[in-house]
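Chains A and B supply the protein sequences, listed in that same order. Residue numbers for the first sequence follow the numbering used here, so the first one is 597 and each next one is one higher. Residue numbers for the second sequence follow the numbering used here, so the first one is 1435 and each next one is one higher. Note that the Cβ used here is the ideal one computed from N, Cα and C, for glycine as well. First up is the structure itself, then whatever we jot down about it.
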Amino acid sequence: MTTRHRPPRAQPQKHLRQVAEDLEAFVDTLIPGDALFPSASQAGVHQVLAERLRVYRTDSIDQLISTLANNGSSFKACSPQQRVRVVRRLERSEPEFFAFILSAVYLAYYQHPLVVRAIRWLGHEYNDAPQPAGYSMPVFDPQVDAPKHGRGFYKKTHEIKRLDTSKLETLLGDLPRYPNSADGQP
Amino acid sequence: MNAFEPVDVVVVGSGMGGAAATKILAEAGLRVVCLEQGGWTRPEDHPHTSPDWEWQRMTNWSTAPNTRRRPEDYPIDTQDENPLMWNGVGGSTVHYTATWPRFRPSDFRKGTEHGCAPDWPFTYEDLSPYYAINDRDVGVSGWYGDPAMPPHEAFQTKPLPHGPLGRVAARGFNKLGWHWWPMPCAILAEEYDGRPACNHCGNCQSGCNRGSLADMQVTHWPKAIRAGAILRTHARAERIEIDRSGRATGVVFVDLNTGSRHFQAADVVILACNGIGTPRLLLNSTSNRFPKGLANSNDMVGRHLMHHGLAIVEMWVDEPLDSHKGIVSAAMMCAEFAETDVNRGFINGLTIHIARLNGAGYQAHGSHSGNRAPWGKSHHRWFRRHFAHGLCALIVGEDLPIPDNRVTLSETIKDSSGIPAPKVSYRLHPNDRRIVDFGIQRALELADAIGAFDVKVNRFESEGQGYKPPAWHLLGTCRIGSDPETSVCNPWHQTWEVPNLFIMDGSCLPTSAAVNPTSTIGAMVVRAAMHLRDHFADLRRAQRSTPA
């Protein structure tokens, strides 16, 4: 994968732990678990998000963590209701950054084996990756799939004549005009 | 600067146009060198077996070079669009959808029909035999007998599976009484020419690691190289040189591995760098004789850029559609509105393509329409209801050749070799806006007909910028024609001003039609390259271009 790597800066251990906990709480606010699906952090999404932010949005992890802080308390320390409010605020105030985060989070979540397994439990044939297995599909069956409607037409070359476009002159007035090759006249 | 041994023909670009031209000329025994700024893509280079395949598709496998930013990519200076292109062996056939419809007879006669676009210098009937030759070279799946198209030769394989998604769409079209037909695709439904059938993995937009999809790396290049063609990779063309008589002498290129410059001399130069890359190279090839760029005394190079007017309407139904299985685009096409009917309030027409929605992550992320699963507690409820239950109606409208929609050279941005980037300006004409709006309304009727519980429209509009298309098709910027004043090339793709310089790619199309262009680009190039082959002794020495 083409990346723009930068060596990670040395961070105090305690700070890194807080960042990890805040990121876990953040991704779980975006995608909580339910009876079938794991939460985003159970699928390791916070780790993938951190990596994608580091590679594609240099220094944006600190920016995210500070944005998530709520009146001096860390995101993890917020109540579930407070977390939703904070995330909504981020979504409104930094829509482009938030869109990147959602892309990174959603695509990381649905690539995880636990999530793939949950999709299969819903009854779908769904692979970890498109290949090598591909998917089975019923072959094209002419009895079922071939069109029998008889609809459709095209103008044959010799049938193509100049149309009356006078009603559209206001719409087309700014366009260059080209000759009619049948008679060489515009 | 190192000079390579002169050859008969140097081709720049290895996509549909460059590959077809090289193969035909090399098989005739000519010495042909093709310069390609990227490298080969091996099967294992595709992301198809990686768990993060969907992330890769949006990053290092993005269709947009400005997002992808691989070393072989060049930047495109534009705020108006996100052009699709692949800079590597096979060109953009490495990651296209291989949708393979033909243009219809009226597409070649717009000068006659309404006069707001030129007639082509030949007819559908003239081109039809070359469509057939090109189809045999790539391998096309399809179903014969479409009443909306002239009769033609049988396809190489049966159609790809419709699956439940196609059957539901067909039911909707039937209810509305509209035309529909299985879409011809250059993706194999059966083994052909030593290549395997598609196994419906659903990731065509990152190319095909099996060889089922007609990537020129598997269809043309092995045969061209076997015939003696030399394919020089990581060779970025910088300019075309001319002699005192105004004939092209060859191509200066940069070796991207070393940064050094070289010269490839040839009797004939063929450009096949796509609708952005070809005008860029001509405009960068200035000289005392051609101060505005090569073959550009009439200021036509780079103008009339066309992409198609696009919109997407996605719809979700209660029954499972397996939207993640099978080729992405397109199960079928509706050509009910393809011909001009001025009573609709516009000229030209559109087609509606029924496409699929990719994997689970992409579907949760909004698939092609932006209908994204909400974050928070309702996320999984949305996913259960929508995943594998959606289909995509893609509106493809013909866009007019507008002189101000054009490629020029950027004054501020250069590529990694110091060559000016192309600057692209594009606005959808109000006529073409009406086509797209009309198509959206028809797709909404389809959603109604199939009983969709949710619908989302993507007009490709970005805030404050208006229409900003993905620009999948790069067309028209060095068009062929009968009139040297309004075209760049004659009917045989020979530039009017430089008799041994030919253009053989999407740049040459005078109109865009309302369907994907690659089959037509291929057919045009086969026609032009066979003509060049058959008249090579004269054309290699020509001092004047052939009149129309």
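Closer than 8 Å to chain B by CB, residue i
i	result
V682/A	no
P743/A	yes
K672/A	no
P782/A	Model confidence at P782/A stands at a pLDDT of 39, short of 50, so the residue's coordinates are unreliable; what they give is reported in the following sentence. Output row for P782/A: interface = yes.
V735/A	yes
D630/A	yes
P772/A	yes
P728/A	yes
P634/A	no
S777/A	yes
T654/A	no
G748/A	yes
Q707/A	yes
T663/A	no
H642/A	no
D724/A	yes
L759/A	yes
S675/A	no
Chain A contact for residue i (CB, 8 Å cutoff)
i	result
T1785/B	no
K1811/B	yes
G1573/B	no
D1866/B	no
K1592/B	yes
K1774/B	It should be noted that the sequence gives Thr, not Lys, for residue 1774/B. True, the Cβ-Cβ gap to chain A drops below 8 Å.
I1781/B	yes
W1614/B	yes
With 16 other Cβ atoms within 10 Å as the buried cut-off, status of residue i
i	result
S762/A	exposed
M1519/B	buried
H1823/B	buried
D1571/B	buried
Q677/A	exposed
T1929/B	buried
P738/A	exposed
Q1513/B	exposed
S669/A	exposed
K757/A	exposed
P1616/B	buried
S1896/B	exposed
P1481/B	buried
K1890/B	buried
R1502/B	buried
The ligand GTP heavy atom lying under 7 Å from the CB of residue i
i	result
M1734/B	The model depicted lacks the ligand GTP and carries no ligand whatsoever.
Helix, strand or coil at residue i [DSSP, three-state]
i	result
L1825/B	strand
D1541/B	helix
G1743/B	strand
I1621/B	strand
A1765/B	strand
Y1578/B	coil
S689/A	helix
H1787/B	strand
Y1901/B	strand
T1546/B	helix
V1446/B	strand
D741/A	helix
V2000/B	With chain B covering only 1435 through 1982, there is no way to say anything about residue 2000/B.
Q1590/B	coil
A1437/B	strand
K1857/B	strand
R1778/B	helix
8 Å contact criterion, which residue i and residue j should meet: CB distance rounded
i	j	result
D1553/B	R1543/B	5 Å
I1761/B	L1594/B	6 Å
H1820/B	D1756/B	At roughly 13 Å, the Cβ-Cβ gap does not stay under 8 Å, so H1820/B and D1756/B are not in contact.
P1856/B	H1907/B	16 Å between Cβ atoms; not a contact.
A1947/B	E1832/B	6 Å
Report yes or no: do the stretch 1712 to 1729 of chain B and the stretch 1882 to 1899 of chain B share at least 3 C-beta pairs separated by less than 8 Å?
no
Taking contact to mean at least 3 C-beta pairs separated by less than 8 Å, is the stretch 729 to 738 of chain A in contact with the stretch 1633 to 1645 of chain B?
With a cut-off of 8 Å, the stretch 1633 to 1645 of chain B and the stretch 729 to 738 of chain A count as touching, because enough Cβ pairs lie within range.
May I ask you to verify whether the stretch 1859 to 1873 of chain B touches the stretch 1887 to 1907 of chain B, counting CB pairs closer than 8 Å and requiring at least 3?
yes
Stretch pair the stretch 679 to 698 of chain A + the stretch 1804 to 1816 of chain B: three plus CB contacts closer than 8 Å:
yes
Per the contact definition of three or more C-beta pairs closer than 8 Å, is the stretch 1740 to 1753 of chain B in contact with the stretch 1826 to 1844 of chain B?
yes
Decide if the stretch 1582 to 1596 of chain B is in contact with the stretch 1559 to 1566 of chain B; the criterion is three or more beta carbon pairs, one per stretch, under 8 Å apart.
These segments touch.
Touching or not, the stretch 1951 to 1963 of chain B and the stretch 1454 to 1467 of chain B, by the rule of three or more beta carbon pairs under 8 Å?
yes
The stretch 1646 to 1657 of chain B touching the stretch 1772 to 1791 of chain B, judged by at least three CB pairs closer than 8 Å
Flag = no, the stretch 1646 to 1657 of chain B and the stretch 1772 to 1791 of chain B do not touch.
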